[in-house]
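Colleague:
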Amino acid sequence: MSPTRAAGLVIFRQSNQIIEFLMLQTSYGVHHWTPPKGHVDPGESDWVTALRETKEEAGLSEADLEVFKDISKTLNYKVNGKPKAVVYWLAKLKNPDQKVTLSHEHQDLKWLPLQPAQEVSGFKDMQDLLAEFHDMALKAVNK
Ligand SMILES: Nc1ncnc2c1ncn2[C@@H]1O[C@H](COP(=O)(O)OP(=O)(O)OP(=O)(O)OP(=O)(O)OC[C@H]2O[C@@H](n3cnc4c(N)ncnc43)[C@H](O)[C@@H]2O)[C@@H](O)[C@H]1O
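Residue numbers (UniProt numbering): 1 to 143.
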């Protein structure tokens, strides 16, 4: 069975020398928290999906972000028994004070340092991804 595909951006900002990740809480289901992402539409590339979903779910466009196209990771898990693959790229919000605008799909947002972001995500694979991306984000901002 080919996996359902989704794509998104793990967005961070630098606030008082601390890396904070943008996490969104769904307004449906178990109200879980993830970075902005969503299903890949037929004929759409993962990359275009990631940018489209980020705009729809957080109101942020590519111009607002520095996207690290060479830093990506795919999570594979099952939803209702069906495999799902979600590719995330790392991105930095250029203006840390820029407002995030939610769609009806989410009811809350938080900018969280690594450990609290890992806690709200709840899933080991996302926790590991956040840890890896955190290291790379630190390297990027300290270059
Ligand atoms: N329960 C529901 N009730 C009503 N409408 C719903 C609904 N679920 C989806 N929808 C609709 O679907 C739309 C979402 O479409 P999109 O916005 O296009 O797609 P998505 O983010 O990939 O959807 P979803 O939230 O389901 O995915 P996730 O993998 O995080 O989450 C899917 C499952 O995988 C779990 N999960 C998330 N990350 C995981 C991980 N890393 N490892 C294991 N499981 C994980 C989540 O807890 C969740 O149970 C919404 O507009 C909504 O209308």
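All C-beta atoms in this analysis are idealised placements derived from N, C-alpha and C, irrespective of residue type, glycine included.
Note that the structure is a prediction, hence the values are computed from the model and not measured.
(1) Are at least three pairs of beta-carbons, each pair with one atom in the stretch 4 to 24 and one in the stretch 100 to 112, less than 8 Å apart?
(2) Roughly how many angstroms separate the alpha carbons of N80 and L51, rounded to a whole number?
(3) For a test of the three-state rule: what should DSSP assign to L129, helix, strand or coil?
(4) Where L114 and D41 are concerned, what is the direct C-alpha to C-alpha distance, given to the nearest angstrom?
(5) Let me know the secondary structure DSSP gives M1 once reduced to three states.
(6) Keeping to the same chain, check which residues put their C-beta closer than 7 Å to that of residue 158; ignore five residues upstream and five downstream.
(7) Roughly how many whole angstroms lie between the Cα atoms of P83 and H39?
(8) Between which residues of its own chain and V100 is the CB-CB distance below 7 Å, once the five residues before and five after are set aside?
(9) Closer than 6 Å: is that where the CB of F123 sits relative to any heavy atom of ligand 1?
(10) Do the CB positions of L93 and T54 come within less than 7 Å of each other?
Modeller: So, from the listed chains and residues:
(1) Result yes; three or more Cβ-Cβ pairs closer than 8 Å.
(2) CA-CA distance, N80 to L51, rounds to 26 Å.
(3) L129 falls in the helix class under three-state DSSP.
(4) Here the alpha carbons of D41 and L114 stand approximately 31 Å from one another.
(5) The answer is coil: DSSP assigns M1 none of H, G, I, E or B.
(6) Outside the modelled stretch of the chain, which goes from 1 to 143, sits residue 158, for which no answer is possible.
(7) Taking the straight line joining both Cα atoms gives about 13 Å.
(8) Cβ within range, chain order: L22, A58, G59, L60 and L109.
(9) F123 Cβ: within cutoff of ligand 1.
(10) It is not a contact, given that the beta carbons lie outside the stated cut-off.
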